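In my numbering, the protein residues as written are 1 to 167.
Glycine is no exception: its CB is placed at the ideal position from the N, C-alpha and C atoms.
Since the model is a prediction, treat every value here as computed from it, not as a measurement.
The structure under discussion appears below in the form of structure tokens.
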């Protein structure tokens with residue numbers, strides 16, 4: 001695994017999954033892309049809108065960098081050496097995340113979940129559910145309170161329709 005994409009919404013659910021992503025990137029020596037999908041609606045005049053999106057992007061990038069620094073300090077983790085911060089504005093958060101996965105050639109997307117009931121949208125949240133339905137790469141949904149442990153074995157599920165291509 002060379003690249004892990006971690007989209008965040010700066011929520012508590014995302015913080016736990018971010019710890020997981022940092023530890024997994026360290027274990028696998030992978031690049032970690034920390035991404036924020038902004039969704040500023042195009043309700044302003046074009047001239048103002050571009051400026052607002054640009055300023056928001058700079059602000060969100062600073063927030064991403066601060067988030068990593070604070071989380072690493074709090075949990076005594078090393079800030080990953082191979083880390084990228086990115087922000088993209090658009091109408092669909094799910095499409096923005098998939099765009100980032102393609103841009104950075106991510107092999108996995110790690111997201112946080114709140115895991116409170118059995119319903120898919122309540123269990124995972126609408127963004128995570130959308131990613132699970134649309135992504136061509138694996139989504140690792142980390143429940144709130146789940147602790148990282150080193151990955152030693154992976155189970156792969158298949159419908160066996162095109163096993164050679166899947167492998």
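Does DSSP put residue 123 in a helix, a strand or coil?
Here residue 123 refers to the residue found at position 123 when the chain shown is read from its first residue. In this predicted model, residue 123 has a pLDDT of only 46, less than 50, meaning its place in the structure is not dependable enough to derive any value.
Assign residue 146 to one of three DSSP states: helix, strand, or coil.
Here residue 146 refers to the residue found at position 146 of the chain shown. If DSSP states are grouped into helix, strand and coil, residue 146 belongs with coil.
When DSSP labels each residue in this structure, what does residue 86 get in the three-state scheme?
Start at 1 with the first residue of the chain shown, and residue 86 comes out as number 86. The answer is strand: DSSP assigns residue 86 an E or B state.
Near residue 121, what residues of its chain come up, given a Cβ to Cβ distance below 7 Å and the 5 sequence neighbours on each side ignored?
As a working note, residue 121 is residue 121 in the chain shown. Any reading at residue 121 needs caution, since the residue's pLDDT is 45, under 50, leaving its predicted position unreliable; the model's value is listed next. The residues are 129.
Tell me the DSSP bridge mates of residue 36?
Numbered from 1 along the chain shown, position 36 holds the residue referred to as residue 36. Residue 36 is bridged to 87.
For residue 163, which three-state DSSP category applies?
Indexing the chain shown from 1 puts residue 163 at position 163. Helix at residue 163.
Is it right to say residue 152 is buried, meaning 16 or more other beta carbons lie within 10 angstroms of its own, or is it exposed?
Locating residue 152 in the chain shown gives position 152, where the first residue counts as 1. Looking at its Cβ environment, which holds fewer than 16 other Cβ atoms inside 10 Å, residue 152 is exposed.
Is residue 101 closer than 9 Å to residue 109 when the C-beta atoms are compared?
Sequence index remark: in the chain shown, residue 109 carries index 109 (1-based). Sequence index remark: in the chain shown, residue 101 carries index 101 (1-based). Yes, the pair counts as a contact, with Cβ atoms nearer than the cut-off.
Please state whether DSSP places residue 106 in a helix, a strand or coil.
Position 106 of the chain shown holds residue 106. Residue state, collapsed to three classes: coil.
On the DSSP letters alone, give me the boundaries of the alpha helix (DSSP H) that residue 77 sits inside.
What you label residue 77 is simply residue 77 of the chain shown in a count that begins at 1. Unbroken run through residue 77: none, as it is neither H nor E.
Examine the Cβ distances between the stretch 19-29 and the stretch 47-58 and report whether three or more of them are shorter than 8 Å.
no
Contact check, residue 83 vs residue 68, beta carbons under 9 Å:
As a first step, residue 83 must be located in the chain shown, where it is residue number 83. As a first step, residue 68 must be located in the chain shown, where it is residue number 68. Cβ distance < 9 Å, so residue 83 and residue 68 count as in contact.
Please classify residue 36 as buried or exposed, where buried requires at least 16 other C-beta atoms within 10 Å of its C-beta.
The residue labelled residue 36 in the question sits at position 36 within the chain shown. Buried is the call here.
Run through DSSP, which three-state label would residue 128 get?
The residue given as residue 128 occupies position 128 in the chain shown. Of the three classes helix, strand and coil, the one that applies to residue 128 here is helix, per DSSP.
Cβ of residue 112 within 9 Å of Cβ of residue 39?
Reading the chain shown from its first residue, position 112 is the one you call residue 112. Reading the chain shown from its first residue, position 39 is the one you call residue 39. No, Cβ-Cβ distance for residue 112 and residue 39 is not below 9 Å.
Does the distance from the C-beta atom of residue 80 to that of residue 137 stay below 9 Å?
By one-based count along the chain shown, residue 80 stands at place 80. By one-based count along the chain shown, residue 137 stands at place 137. No, Cβ-Cβ distance for residue 80 and residue 137 is not below 9 Å.
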